[in-house]
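Residue numbers (the working numbering), protein chains in the order written: chain A, 3 to 463; chain B, 464 to 855.
Step one of this worksheet: look at the structure below.
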């Protein structure tokens, strides 16, 4: 089930929240666990046992580490088993065919592709990362062992963030799992975030993204340079609003349930360096890699050579996390290269030149989205030549006629305009808030009823 | 009261969510959407095996979407919003000037075209010595009314494709591009000087992908002239003509543009001796029951059937003691076209290969034809897999 569907909005959401609010405080987690399991199974009932086994293994690992805290080797062994088990499923489902494909290409063998792994278990990349934060943190003694399996299961399958993030660490919400206050203020704040997220996804991402999909499905034949830039900009806006919209909906629902999930996007397109971009884009993923890969490898506190090796590793992993294909690896390594340049000399220059730094980020990101969006790498080169060598044509007129206004709206909302307005004109904003949100909600429902294009982009993650 | 003031959004949102949910659960299911001209999904039967194959839940979601309370109203809201955003297309339909709707058609299936050429040629090789075979491709409205297309939209160049197809065709080729262009020019000239009570003349509908009866007549005229015959004059058919206003065609059903201008269908209810549709005798040439619903075009010649036979005494060139016959292979464009042929042939046989059950070879054995016409719209020509049946 995806949030941006009528079934979710007008069946699951009212039923789940009603059940949750009516449940006495002691049993709220159990209710949450049950509705979340229904939510997950609806989309992918077959892979339910996999999730269940990962939950059990990590739960037991936590107990084990707590029990034999004194024996370092034993604890290390338990941690290793749980990590290998969790990552193993992810690796098997996500990367085995990719591996076979590369082995076949490299050695001329012809291993058949595995049929089982054709579909990735829903949300596996997200919940594997979430669950690992628990066991690793328990191992390092940062948090207490969770003995209540219902509370632990609730943390893992919590439906708002289960399938598309944000990646919530156990330590983010462990206190709220035990004791949280649900206030009317929090519910109302959650509704605001949810509606904004829904609008981002349904009104902006879907409507703008249709242009990219249209251009991509025609195989870029006859596309003009201007048309290519317009289409690529549409993709940049789509991926931002799609992803941040999902996160906002998740955070909003979390708030209404009494949780505080971490922020996931903070106006990434206003960044002045690509390093800064990654502190504003999918912040919980960046945070995860920093905390659980970069720092354990030594982070910045090692020799220069090792620092860059560490950077290389986390960008390689970040790329691969987004999809099992070389274009995603290339996309990750592109950020490794750019971030290295920024560290070496570019950063100082960017800090001093405001306009240039924004241009640099925007163009730098557009280039990264080409690598990200086009999975068929034989077409990547020709798309770059469309972008940077002049190709005539007036197709852009048609694109702008259809998508110009909505893209402009997208650009405006990708800047912190709403925040600015709220600071400058608080009275007016208070008046306009409800009509605005009401309109967004009504239009979102209308677009869902007559939906011609409503993709779920994270099936690959 | 204090709470209402403090939590207006919370209250409104909750009311909206629950009221809509309850209303949606209570609303009656509809079988068919007149507005969209499509059958709506019904509640799927539950089975564990379907659930485990991940086949049940997508069906259930489609059901919820199709049966959502106030569906038509929501669709109109979206259409208004799309226009507010300046969009000139929805669901693959493009809004041209002068209220014309067109299809966005940017790629075509070249393999299918090649294969269909092969099937038509096989038919011509088999029967061409016995009976003259003519083949003609009907251009889509955008290919004729290009001036009305928005700037920067580059649809498939149907004329260029037809120029490529032409030398490969073994049958006689009837080029309808100049014919339909002239029809559009003549229609525009007529409209410029028409009286206040006269109906507007168009070669193609604004809200539908078909040609109008006038467009079909012009193609009929071109065909019979190419066979050395004299066409009936359209004016002489005026006694049989009536109009069906408020026709919202297939393009409208797809884009549901709230400001679309409805078309008028000119129905020529020509006198006939008998009409047999798929082996069943019909009392009239057209299915008048269909005039009451949205998809009026499907009433012409009772829609698409296996084999339709029209017998009449209309033939202007009738020879005593001889029964002349024509065989028409067609898509739905042929339904407004075929009746005119009664003025040059005693019997008109019409075959729609898409619903064809009778083998074509059987028909060719049993009935002696004087002419065969294969008449396909470009889009059917380049997409229909049923063309293969012409060789069965």
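We put the CB at the ideal spot given by N, CA and C, even for glycine.
Neighbour list for residue i in chain B, Cβ cutoff strictly below 7 Å
i	result
residue 16 of chain A	480, 481, 484
residue 7 of chain A	524
Strand pairing of residue i, partner residues [DSSP]
i	result
residue 706 of chain B	B/729
residue 514 of chain B	Answer by DSSP bridge pairing: none, since residue 514 of chain B is not bridged.
residue 365 of chain A	Residue 365 of chain A pairs with nothing; no bridge assigned.
residue 552 of chain B	B/557
residue 636 of chain B	B/598
residue 119 of chain A	According to DSSP, which records beta bridges pairwise, residue 119 of chain A is partnered with nothing at all.
residue 840 of chain B	B/601
residue 743 of chain B	B/740
residue 813 of chain B	B/771, B/791
residue 566 of chain B	B/556
residue 495 of chain B	B/502
Chain-ordered neighbours of residue i on chain A, where CB pairs are closer than 9 Å
i	result
residue 861 of chain B	Nothing can be reported for residue 861 of chain B, as the shown portion of chain B is limited to 464 through 855.
residue 614 of chain B	396, 399, 400, 403
residue 456 of chain B	Not covered by the structure: residue 456 of chain B. The range shown for chain B is 464 to 855.
Spatial neighbours of residue i in its chain, beta-carbon cut-off 6 Å, leaving aside the 5 residues before and after
i	result
residue 68 of chain A	147
residue 798 of chain B	763, 764
residue 271 of chain A	416
residue 238 of chain A	371
residue 87 of chain A	59
residue 84 of chain A	59, 60, 63, 137
residue 522 of chain B	507
Exposure of residue i, with buried meaning 16 or more beta-carbon neighbours within 10 Å
i	result
residue 290 of chain A	buried
residue 547 of chain B	exposed
residue 762 of chain B	buried
residue 46 of chain A	buried
residue 432 of chain A	exposed
residue 785 of chain B	exposed
residue 150 of chain A	exposed
residue 100 of chain A	buried
residue 416 of chain B	The shown model of chain B, from 464 to 855, leaves out residue 416 of chain B, and the question about it has no answer.
residue 540 of chain B	buried
residue 329 of chain A	buried
residue 614 of chain B	exposed
residue 77 of chain A	buried
residue 156 of chain A	buried
residue 56 of chain A	buried
residue 488 of chain B	exposed
residue 29 of chain A	exposed
residue 185 of chain A	exposed
Neighbour list for residue i in chain A, Cβ cutoff strictly below 7 Å
i	result
residue 491 of chain B	Neighbours of residue 491 of chain B on chain A: none; closest Cβ ~17 Å, over 7 Å.
residue 769 of chain B	In chain order: nothing, as chain A lies at least about 34 Å away.
8 Å CB neighbourhood of residue i in its chain, flanking five on each side removed
i	result
residue 196 of chain A	250, 251, 254, 255, 258
residue 736 of chain B	774, 775, 776
residue 636 of chain B	597, 598, 599, 629
residue 396 of chain A	226
residue 442 of chain A	197, 198, 200, 201, 205
Residue i beta carbon near the ligand HEM (any heavy atom closer than 7 Å)
i	result
residue 328 of chain A	This structure lacks the ligand HEM, and indeed carries no ligand of any kind.
Interface partners of residue i on chain B, CB under 8 Å
i	result
residue 448 of chain A	537, 538, 540, 541, 544
residue 406 of chain A	549
residue 282 of chain A	What residue 282 of chain A touches in chain B: nothing, since even the nearest Cβ is about 28 Å away.
residue 13 of chain A	484, 527
residue 444 of chain A	540
8 Å Cβ cut-off: residues of chain A touching residue i
i	result
residue 471 of chain B	436
residue 856 of chain B	The requested residue 856 of chain B does not occur in the structure, where chain B is confined to residues 464 to 855.
residue 610 of chain B	Near residue 610 of chain B there are no residues of chain A at all, since even the closest Cβ is about 15 Å away, more than 8 Å.
residue 622 of chain B	Those within 8 Å of residue 622 of chain B in chain A number zero; the least Cβ separation is about 17 Å.
7 Å Cβ shell around residue i - same chain, five flanking residues per side excluded
i	result
residue 366 of chain A	276, 340
residue 827 of chain B	590
Chain-ordered neighbours of residue i on chain B, where CB pairs are closer than 9 Å
i	result
residue 140 of chain A	Ordered by position in chain B, no residue passes the 9 Å Cβ test against residue 140 of chain A, which lies about 35 Å from the chain.
Residues in the segment 44 to 73 of chain A with C-beta within 8 Å of chain B's C-beta atoms, listed in sequence order?
So the list reads 44, 45, 46, 47, 48, given in the order they occur along the chain.
Contacting positions in the segment 512 to 532 of chain B - beta carbon closer than 8 Å to chain A:
Listed by position, the residues of the segment 512 to 532 of chain B near chain A (Cβ gap below 8 Å) are 514, 515, 517, 520, 523, 524, 527, 528, 531.
Using a Cβ cut-off of 7 Å, which residues of the segment 164 to 193 of chain A contact any Cβ in chain B, in chain order?
For the segment 164 to 193 of chain A, the set of positions with a beta-carbon nearer than 7 Å to some beta-carbon of chain B reads 186, 189, 190, 193 in chain order.
Which residues, taken in chain order from the segment 549 to 575 of chain B, show a beta carbon closer than 7 Å to some beta carbon of chain A?
The residues in question are 549, 550, 551, 552, 554, 569, 570.
Mind checking the segment 750 to 762 of chain B against chain A and listing, in chain order, the residues whose C-beta falls within less than 7 Å of any C-beta there?
Taking 7 Å as the Cβ-Cβ cut-off against chain A, none of the residues of the segment 750 to 762 of chain B qualify.
Taking only beta carbons into account, state which residues of the segment 205 to 236 of chain A come closer than 7 Å to chain B, listed in chain order.
Residues passing the 7 Å Cβ filter: 220, 224.
Contact residues within the segment 791 to 810 of chain B, judged by C-beta distance below 8 Å to chain A
Residues of the segment 791 to 810 of chain B with a C-beta atom less than 8 Å from some C-beta of chain A do not occur.
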